[in-house]
Each structure stands twice: as structure tokens, then as C-alpha cells.
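In what follows, a structure is listed as C-alpha cells, so that the remarks can point back to it.
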Amino acid sequence: MNTEEKTTGFPSIDKPWMKWYKDPSLPRIPFGKNCYDFFLDTTKDYKHPLLEYYGNKYTANDIKREVEKTIAHLTAMGIKEGDTVSFVFLNVPEAIFFWFALCKMGATTNLIKFDESPERIKFMCELTESKYLFVSDIPFILQNVVGAMDLGLSKTINKVITVPITASMSKMAVIKMFMENFKSIVGQSEKSIKLSSQFLKYKKWKKLYKGTDCRTINDGGQNVSVIMYTGGTTGGAKGVETTNDSIIASACSFMNSEMEFYAPKTSMSILPPAVSYYFNATYNLMCCGVSVNLISKFSVEEYPSLIKEHRPNVFMAGPILFKSIRESGIEDLSFATDPISGGDKLHEEEEIAYHEFSKSKNCDTWIKQGYGLTESMAGVIYSIKPALKKGSIGIPLKYAEIGVFDYMPYDEFDSEKLEEKTYGEIGELCISGPTVMKGYIKNPDETKKMLRVHKDGKVWLHTDDLCYMDEEGRVYHCGRAKRMLTRSGGKVWLGTIEDTIKSHSVINDCCCVKYDDPQEREVPVAHIVLENDKCSEDIVNELDALIRSKCPETYIPKYYVVRKDIPITEVNKKVDFKALENENIFDEFSDENK
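Position one of the sequence shown corresponds to residue 38 (the working numbering), numbered consecutively onward.
Written out as C-alpha cells, the structure reads:
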């Protein structure tokens, strides 16, 4: 590192992170293409499998063959450039085949998470004016889709095509699944769920819509490639429009940012197709030459056994899953060259604990943290090996511009008054660059809140996350700005309370949330998991004293709630803050985990 270079003191101008790259050049991003053509160009020299699914392996040519067949079916169906098709899929190869096909046709893929309610499925299909809906043939998905149709979606959706998750499995894998009594997972759903004539089986769909014509385009860079959803209730869910150019820019970031993703490394992807990190874990890695193994569905308890069975070099997981590996007793991790944490904050104690565990299992590789969000096509910050440092979430990837600015809510926003923070100062993390979304579909007001023009003339994505950057370009995450409350006139950051509590030897896990209080308006409540499941007044006093020694008095929780575990979301396996905030902590029967 050259420490003698002059700096302005502002990270977005100095870009100190570029010093960590052996090659600081920025290869040209081939804007103007669609994601499928870029994939074919990038992988044309790879002969090894780039995709695997329960015994079936696909090279780039195999994927091309599947995509071309899919394009023919969709063309016969009447899909054309500018159309949007909706999907509720588990992590199956068809999610990639259909997305690639629609990219090449100039159409848009509307991705709906597998656990969405009937109301939200209806809202998301109608918002995008989708006439066709493809879904995994799984009872709980079909039940919600039937519910959406009953609510009125049947008036706008012409056909619902049910795709079995066994469609691309090897015969041996299908036999094994049935032998292990997974019939409730893999099909025969019509016996328990009444489907109308608008539902069509995948095999019948392929026979009905046969043809040789393929309606395709050769460009499409600025076309909206995918729509994914973030936040909100039924009416408030925001559909993130992401162009082909943004996704290709994200892939180029992975290919050129010295992240050590290359052939013949292998990866295991457990992320569902409706989250932005899915594209990091599949498309981006395949473009780098990494072979990606898809897992359709799993539980936290099953995750370590999957790691043991498939032995992936690269795997992206959240803190919950890394904890499950630690507690599993897995005997060997020597294969794990790139364990990656993202999606939720990894506390320093958890980072150290995992490294000590993995080192004892023949793997001396630290967890490589990263950061991103749906609106930035997921990962824009990553811990490349030279810059890796305990506690840091990494440095900005090439092509991404990162700045730390005053936290200024939109209704108070004034670009002339907004100031950039210097090194070591906490502020809001903002992102500019080619991976940033086009906007929220049919929602200009929310788009303006997230994408703001600063006095430098650039459009910056406001993340609502707090961070600071050191003089070497490393970023340190400090929590969500909204995970803050006001108590006795001062700000209280809930993440700071969590970090402090977790440093106590008897604490296994902790999550702090805001709680409405009649006396103080809002107070912090600490939900804790103890190592020995036993609580005493002494422990509470010790925690109070620990917090008092490091933080203002206002940071001491008004209540402690002892639990067996912290609830997590089904899809992303992240802490379910909303569940804890909505919980009645005074009702001893309100949560069976207490």
C-alpha cells in the first residue's frame, strides 16, 4: 500500500480501496447485450459442467440446448418482446432456463418468493401485468397460488403452469426422493388441492405449445431483465426493476475484482430465485467458471449435512447457517476455500468462533464478508483476500462507487446541505454505479426516496445502512438506521446493544428490538439465548453493568426476554425482527420458544 498519496479525506473521491487490487484497471463492461448472450460469450471455452442439480450436470452447451427449447415453447405460447412472465419457483434449473429464454426474447422475468401469501402473489402478478404464471408443483406453493386465483387473479392470468421440482433431476435422485417419503414435497398435489382448468401440467404445456419458431433479439441491455421484491405489506411491496446491463455489470464485478472465483472451483447454492443474491450465487459464479450445485429446499438443521455431502469450495450463507455448521460437529472443512457471509450482520464474536472451529477442521480460511441489497444487484462490497480484516465487511468491488454521507431522511433531504463523511466517521452508506436498479416498477415516489441526485450530479442509492470506512478503504457495518430509537432525547443504536451483550460468555445469541412503552414512548428490549438455558438476576445485573461500562445509560434494555432461539425468516434465513417487534413479551404463552 502506498500511504504517501495525497487524499481529500472523502472516500468516494479518493477511492482508497483500489490500492488493494493488483490490477486497478477497469475492463470495459459490454453494455447493450442481454444476460443470456453475455453468458454464452463468457463461457464458450468452458467444457466442464457449470450447473448441477441432484445428479444431472449441465455444461454451457447443455444449458444452451435447454434454453433454446424453452424459447420455442414460449414463442409458441405467444410471448413477445416487452411481455412479463411471473414465476414462483424453488431453486431449480428451470428458473435459469426460463430467465435466459426470456432475456433472449426481450421479455421480463417477474420473480416471486416461494413463501408469499395469496394476497401478495395476486398483487405482484397484477402489478407487472403478467398473463402467465409458472410455479413449482409443491403443495404449499399451489395452495397460495389457488388462494390468489380465488381472490381475483384468475381474471388476469390466462394459465398457471405447474413444474415439478423433479423435472431436471436424475432418475436415481427421483427414486431416492420417493424412497425417503418426500411425496408431499415432489407432487401429487392435485389429490389434496383442487386445481381449476387454468392450471396446466408442465408436460402437457410442452406438448401443447410446440414449435420451431424462436422469437429472439440480439441486444436488450436496457430492457428490464428481472423484477424482484423488497419490503412492504401487500400494497407496499416494491418491485425492483433490474436491467440486463446492471446484471452483466454485477457479473463483470465478480470476474474482475480478484475475488478468486474461477474454474474448477465448485459452489453450493441454496438461495431461492427471487432474491438478488441468487444471481450472485448462480449467474455470476458460472460466468467466472465456477460449477454451481443447486439445492431446491433445505432447513437450517440440514445445512451442515449438505456441506459435508457436496464439499463446495464456495458457499454463501448467513450467520445462522455458519452457526449451524459450528454446532454440527462436522469433521472436515478443508475443501472450503471461500466461505462467504452476507444478508445479515455477522458479529465479530461469531466470526472469531467460526474461524477457531474451521481451523480445527483443517480450514484456516476466514469467513469472507460481503454487502449488498436488492436495489444494487446484491454484492457491491466484498472481503477480497489481501484486504480481509476482522470486523470489516470488505472493500468496494470494481465498478462500484461507495460514499458515506450524513443520514438525512428523504423528507429532510437537501443535496446542497448533504455532506460526505470522512474516514472513521459514521454515516449512511450510499452506492453509485452500473449495478444500481432502474427503479421501483410503477412507484416513482419510492424510487425518488432511494435514488437521489447529490451535488456532484451523480445518482446515489441510499441504503438506510450505517457504516464507516477506514483510510485503507475497508467498510465497517454499523447497523440499520431504522434500527435506532430515541430515549431520553438521545439516539440508541440497537446493534450496539447486541454487540455488547454477545461479548458476555453466557450469551449464545441476542437480538434487540424497539418496544412501545407507555412511560418512555420507546425502549430497547433484549431477546437473549443463554448457553445453559438458565437465567438469574445475577446475569441480568452483569449484562446491565457490561452495557453501562461501554455505552450510555439509555442503552440498557428495559426488559430481557430469555428464549430457546431467535426466530428467522423462512426464505433468507435472517433474523425476523418484525416477529420480535410484534410479539407480546408479557404474555408467557405468546411464544412457545420462551
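Where is the CB? At the ideal position from N, CA and C, for every residue including glycine.
(message) Can you tell me whether Met161 is helix, strand or coil according to DSSP?
(response) To locate residue 161, count along the sequence shown from 1; it is residue 124. The answer is helix: DSSP assigns Met161 an H, G or I state.
(request) State the Cα-Cα distance for the pair Thr484 and Ala274, rounded to the nearest angstrom. (result) Taking the sequence shown and counting its residues from 1, one reaches residue 484 at position 447. Taking the sequence shown and counting its residues from 1, one reaches residue 274 at position 237. Straight-line Cα distance between these residues: approximately 13 Å.
(request) Look at the Cβ atom of Asn330, then the Cβ atom of Met305, and state whether they are nearer than 8 Å. (result) As a first step, residue 330 must be located in the sequence shown, where it is residue number 293. As a first step, residue 305 must be located in the sequence shown, where it is residue number 268. Result yes, Cβ atoms of Asn330 and Met305 sit closer than 8 Å.
(message) Quick check: the Cα distance between Asn545 and Asp581, rounded to an integer number of angstroms?
(response) Indexing the sequence shown from 1 puts residue 545 at position 508. Indexing the sequence shown from 1 puts residue 581 at position 544. Going by the C-alpha atoms only, they are around 17 Å apart.
(request) Could you check if Ser262 is buried or exposed, using at least 16 other CB atoms within 10 Å of its CB as the buried criterion? (result) Along the sequence shown, one-based indexing puts residue 262 at 225. With 16 or more other Cβ atoms within 10 Å, it is buried.
(message) What does the Cβ neighbour count give for Met353, buried or exposed, with the cut at 16 atoms within 10 Å?
(response) Here residue 353 refers to the residue found at position 316 of the sequence shown. That one is buried.
(request) Return the Cβ separation of His564 and Arg600 in integer angstroms, given the expectation that the two are a contact with Cβ distance under 8 Å. (result) Locating residue 564 in the sequence shown gives position 527, counting from the first residue. Locating residue 600 in the sequence shown gives position 563, counting from the first residue. The pair is a contact, with the Cβ atoms about 6 Å apart (cut-off 8 Å).
(message) Please identify the residue among Val543, Ile534, Gly510 and Tyr299 whose C-alpha is closest to the C-alpha of Arg585.
(response) Sequence index remark: in the sequence shown, residue 585 carries index 548 (1-based). It is Ile534 whose Cα lies nearest to the Cα of Arg585.
(request) Consult DSSP for Tyr436 and reduce its assignment to one of helix, strand or coil. (result) Walking along the sequence shown from the start, residue 436 turns up at place 399. Three-state DSSP puts Tyr436 in coil, outside helix and strand.
(request) Express the C-alpha separation of Thr165 and Asn317 in angstroms, rounding to a whole number. (result) To locate residue 317, count along the sequence shown from 1; it is residue 280. To locate residue 165, count along the sequence shown from 1; it is residue 128. Rounded to whole angstroms, Asn317 to Thr165 spans 24 Å at the Cα level.
(request) Return the Cβ separation of Ile468 and Ala437 in integer angstroms, given the expectation that the two are a contact with Cβ distance under 8 Å. (result) On the sequence shown, position 431 is the one that residue 468 refers to. On the sequence shown, position 400 is the one that residue 437 refers to. Rounded, the Cβ-Cβ distance is 6 Å, consistent with contact.
(request) Inspect the beta-carbon positions of Glu129 and Val172 and report whether they are closer than 8 Å. (result) Against the sequence shown, residue 129 aligns to sequence position 92. Against the sequence shown, residue 172 aligns to sequence position 135. The question names Glu, but residue 129 is Val in the sequence shown. No, they are not a contact pair.
(request) With Cys140 as the anchor, note down where its alpha helix (DSSP H) starts and where it stops. (result) For this step, residue 140 is matched to residue 103 along the sequence shown. Start and end: Pro130 to Met142.
(message) Our contact map puts Pro604 next to Leu583 with C-beta atoms below 8 Å; I'd like the distance itself, whole angstroms only.
(response) Looking up residue 604 in the sequence shown gives position 567. Looking up residue 583 in the sequence shown gives position 546. In fact, because the Cβ distance is near 25 Å, the residues do not count as touching under 8 Å.
(request) Indicate the three-state DSSP secondary structure (helix, strand or coil) for Val337 in the structure shown. (result) For the purposes of this step, residue 337 is taken as the residue at position 300 of the sequence shown. In this structure, Val337 counts as coil in the three-state DSSP scheme.
(request) Answer yes or no: do Cys325 and Phe359 have a C-beta to C-beta separation smaller than 8 Å? (result) If you number the sequence shown from 1, residue 325 lands on position 288. If you number the sequence shown from 1, residue 359 lands on position 322. No, they are not a contact pair.
(message) Nearest by alpha-carbon distance to Met55: which of Phe623, Ile421 and His347 is it?
(response) As a working note, residue 55 is residue 18 in the sequence shown. Among Phe623, Ile421 and His347, the Cα nearest to that of Met55 is on Ile421.
(request) Confirm, please, whether the CB-CB distance from Lys159 to Leu179 is below 8 Å. (result) For this step, residue 179 is matched to residue 142 along the sequence shown. For this step, residue 159 is matched to residue 122 along the sequence shown. Contact flag unset, no.
(message) Using DSSP's beta-bridge definition, name the partner residues of Cys504.
(response) In the sequence shown, the residue the question calls residue 504 occupies position 467. In the DSSP output, where bridge partners are listed per residue, Cys504 has Gly464 and His514.
(request) Let me know the secondary structure DSSP gives Cys324 once reduced to three states. (result) By 1-based counting over the sequence shown, the position of residue 324 is 287. Helix at Cys324.
(message) Just to confirm the assignment, what range does the beta strand (DSSP E) spanning Asp546 have?
(response) Here the question's residue 546 lines up with position 509 in the sequence shown. Where Asp546 is concerned, the enclosing beta strand (DSSP E) stretches over Ile544 to Asp554.
(message) Please report the straight-line C-alpha distance between Glu508 and Tyr460, rounded to a whole angstrom.
(response) Translated into positions along the sequence shown, residue 508 becomes position 471. Translated into positions along the sequence shown, residue 460 becomes position 423. Going by the C-alpha atoms only, they are around 6 Å apart.
(message) Quick check on Pro594: buried or exposed, where buried means 16 or more other Cβ atoms within 10 Å of its Cβ?
(response) As a working mapping, residue 594 is identified with position 557 in the sequence shown. Pro594 is buried by the Cβ-count criterion.
(message) According to DSSP, is Asp624 part of a helix, a strand, or is it coil?
(response) As a working mapping, residue 624 is identified with position 587 in the sequence shown. Asp624: coil per DSSP, three-state reduction.
(message) Within 10 Å of its beta-carbon, does Asn260 have 16 or more other beta-carbons around it, so buried, or fewer, so exposed?
(response) Taking the sequence shown and counting its residues from 1, one reaches residue 260 at position 223. The residue in question, Asn260, is buried, as its Cβ has 16 or more Cβ neighbours within 10 Å.
(message) Considering only the alpha carbon of each residue, which of Leu237, Pro301, Phe126 and Cys140 lies closest to Asp82?
(response) In the sequence shown, the residue the question calls residue 82 occupies position 45. Of the candidates Leu237, Pro301, Phe126 and Cys140, the one whose C-alpha sits nearest the C-alpha of Asp82 is Pro301.
(request) Check Asn399 in the structure and name its three-state DSSP category. (result) Along the sequence shown, read from residue 1 onward, the residue named residue 399 stands at position 362. Residue state, collapsed to three classes: coil.
(message) Helix, strand or coil for Tyr91? Go by DSSP, reduced to three states.
(response) Here residue 91 is taken as the residue at index 54 of the sequence shown, counted from 1. If DSSP states are grouped into helix, strand and coil, Tyr91 belongs with coil.
(request) Tell me, please, whether the region 230 to 245 touches the region 284 to 299 by the rule of three or more beta-carbon pairs shorter than 8 Å. (result) no
(message) Measuring CB atoms only, is the region 70 to 87 touching the region 440 to 456, in the sense that at least three cross pairs come out at less than 8 Å?
(response) no
(message) Quick check on DSSP: helix, strand or coil for Val312?
(response) In the sequence shown, counting from the first residue as 1, residue 312 sits at position 275. If DSSP states are grouped into helix, strand and coil, Val312 belongs with coil.
(request) Could you pull out every residue in the same chain whose Cβ sits closer than 7 Å to the Cβ of Ser371, ignoring the five residues on either side in sequence? (result) Taking the sequence shown and counting its residues from 1, the one referred to as residue 371 is at position 334. Contacts found: Asn399 and Cys400.
(message) Looking at the secondary structure, which residues open and close the alpha helix (DSSP H) in which Ile285 lies?
(response) Counting from 1 along the sequence shown, the entry for residue 285 is found at position 248. Residues Asn281 to Asn293.
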